[in-house]
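See structure below.
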Amino acid sequence: MRLRTPGQLYFHSALVVIAFLLGGCSPSESNVAIGNRTGVMHYGIGGELQTLDPHIVSDTASFEVTGALFEGLVRRNAETLVAEPGVAKSWNFSDDGLKLTFKLNPQARWSNGDPITAEDFVWSWRRSLHPQMGNVSAAFMFAIKNARAFHRGEITNFEQVGVKAPDQHTLVVTLENPTPHILGMLDTPAAMPVHRATIESFGTATQRYSTWTRVPNMVNNGPFRLTDWKMYRHLKVERSDTYWDADNVALNGIIFRPVDNRTAEEKMFRAGQLHVSYFVPINKIPLYRDLPDTPYVQAPLLGSYYYLFNIDQPPVDDIRVRKALSFALDRDQIVSRVLLDIERPSASIVAAGIPGYETQVNTRFDPHEARRLLAEAGYPDGRGWPGLELVYNTDENHRRIAVAVQQMWKDVLNIEVTLSNQEWKVYLDTVDTKQFKLARMGWIATYLDPVVFLAKFTTHGGTNRTGFSDARYDQLLEQLVPAAKTREARFAYLAEAETLFMQSFALIPIYAYNGRHLVQPSVQGYYPNVLEIRNFKGMSLDASAPVWRWPEE
Numbered sequence: 000m001r002l003r004t005p006g007q008l009y010f011h012s013a014l015v016v017i018a019f020l021l022g023g024c025s026p027s028e029s030n031v032a033i034g035n036r037t038g039v040m041h042y043g044i045g046g047e048l049q050t051l052d053p054h055i056v057s058d059t060a061s062f063e064v065t066g067a068l069f070e071g072l073v074r075r076n077a078e079t080l081v082a083e084p085g086v087a088k089s090w091n092f093s094d095d096g097l098k099l100t101f102k103l104n105p106q107a108r109w110s111n112g113d114p115i116t117a118e119d120f121v122w123s124w125r126r127s128l129h130p131q132m133g134n135v136s137a138a139f140m141f142a143i144k145n146a147r148a149f150h151r152g153e154i155t156n157f158e159q160v161g162v163k164a165p166d167q168h169t170l171v172v173t174l175e176n177p178t179p180h181i182l183g184m185l186d187t188p189a190a191m192p193v194h195r196a197t198i199e200s201f202g203t204a205t206q207r208y209s210t211w212t213r214v215p216n217m218v219n220n221g222p223f224r225l226t227d228w229k230m231y232r233h234l235k236v237e238r239s240d241t242y243w244d245a246d247n248v249a250l251n252g253i254i255f256r257p258v259d260n261r262t263a264e265e266k267m268f269r270a271g272q273l274h275v276s277y278f279v280p281i282n283k284i285p286l287y288r289d290l291p292d293t294p295y296v297q298a299p300l301l302g303s304y305y306y307l308f309n310i311d312q313p314p315v316d317d318i319r320v321r322k323a324l325s326f327a328l329d330r331d332q333i334v335s336r337v338l339l340d341i342e343r344p345s346a347s348i349v350a351a352g353i354p355g356y357e358t359q360v361n362t363r364f365d366p367h368e369a370r371r372l373l374a375e376a377g378y379p380d381g382r383g384w385p386g387l388e389l390v391y392n393t394d395e396n397h398r399r400i401a402v403a404v405q406q407m408w409k410d411v412l413n414i415e416v417t418l419s420n421q422e423w424k425v426y427l428d429t430v431d432t433k434q435f436k437l438a439r440m441g442w443i444a445t446y447l448d449p450v451v452f453l454a455k456f457t458t459h460g461g462t463n464r465t466g467f468s469d470a471r472y473d474q475l476l477e478q479l480v481p482a483a484k485t486r487e488a489r490f491a492y493l494a495e496a497e498t499l500f501m502q503s504f505a506l507i508p509i510y511a512y513n514g515r516h517l518v519q520p521s522v523q524g525y526y527p528n529v530l531e532i533r534n535f536k537g538m539s540l541d542a543s544a545p546v547w548r549w550p551e552e
């Protein structure tokens, strides 16, 4: 059941809300106090967004914000993770599970008032899958017949792809194989519709980073519309009056805050400037845990944190070097001493927590074997080591881990590894263009299935930045897994694929995530879940709730 904001929040003057969204506020009140009263949430997103184009985004924060601005055929309930109507008011599967027919809501509108049609989805999915779009998340749609082939340029006629619009409000999707989790895949940004006329008025259909996503230009279809975006300061949205279910959207607006410094963000929360934080500084977590009415929320998250190799670059093109670096890391020590047990040690790429699936492990902490392998690779006791740079995006936790790992490699292998932190956008460009040898990376699942971790590492995977390529692995992920007749057979193929990938040592798994946030007591409809799905449509603010303070304050 969704909690709604008190009725009086619906009747605030639009002028008050707009004035607040533009930045006007009383200096005697905190953001949270004003937000509780006006129905405007202040929400931390960690760092500046790469883009608002749903067919380009690849990071968690951008997924969250695009979920407020855009809506696909379905959206998932943040409490149950069950698919609920989005643009589609209903859907049904054929008896063989290969055809999915959606009936669109005739009340669904774009923010400029245009009706949303089935043809909008056909055009948008063609754009999302087009090779020139360079959509690294396109794989979420590969369950659709011929979607992979079109994305790779193996076919050029989009009519061969399994999506058709027989009439204005009917969309028929044909799948390669029965795919029980397809609705979860269609809730991702890759499957969200975009407004064709707007995009084409600011460039070509597949032009990346065109100006259509700027404030005066954007036309979107989600529960909120974009009103202001000042880089590194805030991104503001307000409730859209053209959204088909606007009466059931409780928040009047959201102000997303891109704060990439955990300490600064925590201070903002304590000062009443944020309703929800994106991060929590490690050193503050024990203090928050001990508070009787703590705002600290921690829950298991289906995500993996790892160090990624570019295996085409020396010295990590030598698997013995990669193994040595992996065996030299004590994950238990990293999690207990560096991270104060806020995460879970992991030696696999698939995060634990998927019902019925056992993750495959192929690494361990073994200093003796690490030294033997490095010597065998030509660097006995570190002599002759050419050096290596570890790249990570600016963040206190990433730095802590990198420093600890750097010291472990020095202690165990007697080698020097330099550290390079980069601002988020620069870092994304570095890894996307493979201008690195070793880089920090994390991956959060978008649906409950091992394939969400493994499919990205196929030879043509849009986010395979490793250089790893294996014919059997590709066959497993692209042919055998999708065609498996039983869940047991499918998981057996996935386990084989994970084992193959782990044997390549194309990355070093370090830990499995927990979600960790600070949440004001006024926030309603915020549900911790293993996929970190935030359905802003179902969130509200309790105007009667106090602003949280430290007990001694």
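Just so we're aligned: 277 in numbering that gives the first Met the number 0 is position 278 of the sequence shown, and the numbers increase by one with no gaps anywhere.
Every residue gets a Cβ at the ideal spot worked out from N, C-alpha and C, and that includes glycine.
Neighbour-count burial assignment, residue i, 16 or more Cβ in a 10 Å radius
i	result
residue 346	buried
residue 463	buried
residue 531	buried
residue 422	exposed
residue 285	exposed
residue 470	exposed
residue 265	buried
residue 23	Per-residue confidence for residue 23 stands at a pLDDT of 44, beneath the threshold of 50, marking its modelled position as unreliable; the derived number appears in the next sentence. The residue in question, residue 23, is exposed, as its Cβ has fewer than 16 Cβ neighbours within 10 Å.
residue 21	Only weak support exists for where residue 21 lies, its pLDDT of 39 falling under 50; the value from the coordinates is given anyway. That one is exposed.
residue 79	exposed
residue 251	buried
residue 263	exposed
residue 551	exposed
residue 304	buried
residue 425	exposed
residue 91	exposed
Cβ neighbours of residue i in the same chain (closer than 6 Å, five flanking residues each side left out)
i	result
residue 312	436
residue 519	31, 274, 547
residue 373	323, 412
residue 53	65, 69, 188, 191
residue 162	121, 124, 172
residue 261	278, 280, 395
residue 433	309, 464
residue 503	467
Min CB distance residue i to chain B below 8 Å
i	result
residue 123	In summary, chain B is missing from the structure at hand, where a single protein chain is found.
Inter-residue CB distance, residue i and residue j (contact presumed, cutoff 8 Å)
i	j	result
residue 189	residue 111	Actually they are not in contact, since the Cβ atoms of residue 189 and residue 111 sit about 23 Å apart, beyond 8 Å.
residue 342	residue 544	In fact, because the Cβ distance is near 30 Å, the residues do not count as touching under 8 Å.
residue 45	residue 60	5 Å
residue 300	residue 451	Not quite, the Cβ-Cβ distance comes to about 13 Å (not below 8 Å), so this is no contact.
residue 201	residue 233	With a Cβ gap of about 23 Å, residue 201 and residue 233 do not count as contacting.
residue 400	residue 348	Between residue 348 and residue 400 the Cβ distance is about 17 Å, and since that is not below 8 Å, they are no contact.
residue 481	residue 142	7 Å
residue 489	residue 496	About 11 Å separates the two Cβ atoms, so there is no contact after all.
residue 578	residue 97	Only positions 0 to 552 of the chain appear in the structure, and residue 578 is not among them; the question remains open.
residue 507	residue 325	5 Å
Nearest candidate by alpha-carbon position, reference residue i, set the options
i	options	result
residue 416	423, 408, 422	408
residue 461	36, 37, 128	128
residue 517	238, 155, 292, 180	292
residue 329	364, 353, 351	364
residue 344	107, 288, 239, 362	362
residue 390	404, 381, 278	404
residue 168	89, 97, 211	89
residue 441	306, 419, 424	306
residue 28	367, 270, 186	270
residue 186	217, 92, 500, 86	86
residue 395	338, 367, 97, 49	338
residue 524	34, 76, 57	76
residue 298	101, 176, 352, 159	352
residue 456	102, 40, 84, 136	136
residue 235	541, 474, 42, 491	42
residue 315	377, 257, 367, 211	377
residue 208	49, 103, 91	49
residue 126	150, 144, 113	150
Cβ neighbours of residue i in the same chain (closer than 8 Å, five flanking residues each side left out)
i	result
residue 214	225, 226, 227, 228
residue 109	115, 194, 218, 219, 220, 241
residue 515	278, 279, 284, 295, 296, 297, 341
residue 231	47, 257
7 Å Cβ shell around residue i - same chain, five flanking residues per side excluded
i	result
residue 182	73, 82
Can you list the beta strand (DSSP E) stretches of 3 or more residues lying completely in the segment 289–343, in chain order?
295–308
Can you list the alpha helix (DSSP H) stretches of 4 or more residues lying completely in the segment 128–176, in chain order?
146–150
Uninterrupted alpha helix (DSSP H) stretches inside the segment 343–423 (no shorter than 4 residues):
Entirely contained in the segment 343–423, the alpha helix (DSSP H) runs reaching 4 residues are, in chain order, 366–375, 395–412.
Within the segment 432–460, note down every full beta strand (DSSP E) run reaching 3 residues or more, in order along the chain.
437–443
Quick check on the DSSP output: what are the complete beta strand (DSSP E) runs of length 3 or more inside the segment 462–544, in order along the chain?
506–517
Just to confirm the assignment: which complete alpha helix (DSSP H) runs, minimum length 4, are found wholly within the segment 55–117?
59–68
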